[in-house]
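Numbering (our numbering), first residue to last: 35 to 88.
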(Lines of atoms letter the chains of each structure in order from A and count residues from 1; the text may use other names and numbers.)
(Lines give C-alpha, C1' and ligand atoms only; values in the text may rest on other atoms or scores of the structure.)
Protein backbone atom coordinates (compact mmCIF):
# COMPACT_ATOMS: atom_id res chain seq x y z
CA UNK A 1 0.00 0.00 0.00
CA UNK A 2 1.18 3.47 -0.83
CA UNK A 3 2.42 5.72 1.95
CA UNK A 4 1.37 8.84 0.07
CA UNK A 5 -1.94 10.59 0.82
CA UNK A 6 -3.61 12.07 -2.25
CA UNK A 7 -6.15 14.80 -1.53
CA UNK A 8 -9.66 14.83 -2.98
CA UNK A 9 -8.89 17.98 -5.01
CA UNK A 10 -5.65 16.60 -6.45
CA UNK A 11 -7.38 13.34 -7.37
CA UNK A 12 -10.17 15.31 -9.09
CA UNK A 13 -7.61 17.42 -11.00
CA UNK A 14 -5.80 14.29 -12.21
CA UNK A 15 -9.11 12.73 -13.27
CA UNK A 16 -9.89 15.82 -15.37
CA UNK A 17 -6.33 15.96 -16.74
CA UNK A 18 -6.79 12.41 -18.04
CA UNK A 19 -10.11 13.49 -19.62
CA UNK A 20 -12.01 11.35 -17.09
CA UNK A 21 -10.50 8.19 -18.58
CA UNK A 22 -8.45 5.32 -17.23
CA UNK A 23 -4.72 6.01 -17.45
CA UNK A 24 -4.16 2.36 -18.34
CA UNK A 25 -6.95 1.51 -20.75
CA UNK A 26 -8.10 4.92 -21.97
CA UNK A 27 -11.76 4.11 -21.33
CA UNK A 28 -14.13 6.50 -19.55
CA UNK A 29 -14.39 5.95 -15.78
CA UNK A 30 -16.36 7.61 -13.03
CA UNK A 31 -14.58 9.59 -10.34
CA UNK A 32 -15.53 6.91 -7.80
CA UNK A 33 -13.92 4.19 -9.94
CA UNK A 34 -10.63 6.06 -10.18
CA UNK A 35 -7.74 4.75 -8.10
CA UNK A 36 -4.28 6.29 -7.79
CA UNK A 37 -1.46 4.16 -6.45
CA UNK A 38 1.11 6.91 -6.29
CA UNK A 39 2.24 10.00 -8.18
CA UNK A 40 5.99 9.94 -7.68
CA UNK A 41 8.00 6.73 -7.72
CA UNK A 42 8.20 5.13 -4.30
CA UNK A 43 11.57 3.64 -5.22
CA UNK A 44 14.20 5.02 -7.58
CA UNK A 45 16.24 2.27 -9.25
CA UNK A 46 19.92 2.11 -8.43
CA UNK A 47 20.76 1.22 -12.01
CA UNK A 48 19.73 4.01 -14.44
CA UNK A 49 19.38 1.37 -17.18
CA UNK A 50 16.20 0.12 -15.51
CA UNK A 51 13.59 2.66 -16.69
CA UNK A 52 10.79 0.10 -16.47
CA UNK A 53 11.22 -0.05 -12.70
CA UNK A 54 8.93 2.96 -12.40
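C-beta atoms are modelled at their ideal positions from N, C-alpha and C, and glycine is treated no differently. Model, not experiment: these values are computed from the prediction.
C-beta contact flag for residue i and residue j at 8 Å
i, j, result
"residue 40", "residue 70", "yes"
"residue 63", "residue 54", "yes"
Per DSSP, the bridge partner or partners of residue i
i, result
"residue 55", "62"
DSSP three-state assignment for residue i, whether helix, strand or coil
i, result
"residue 48", "helix"
"residue 69", "coil"
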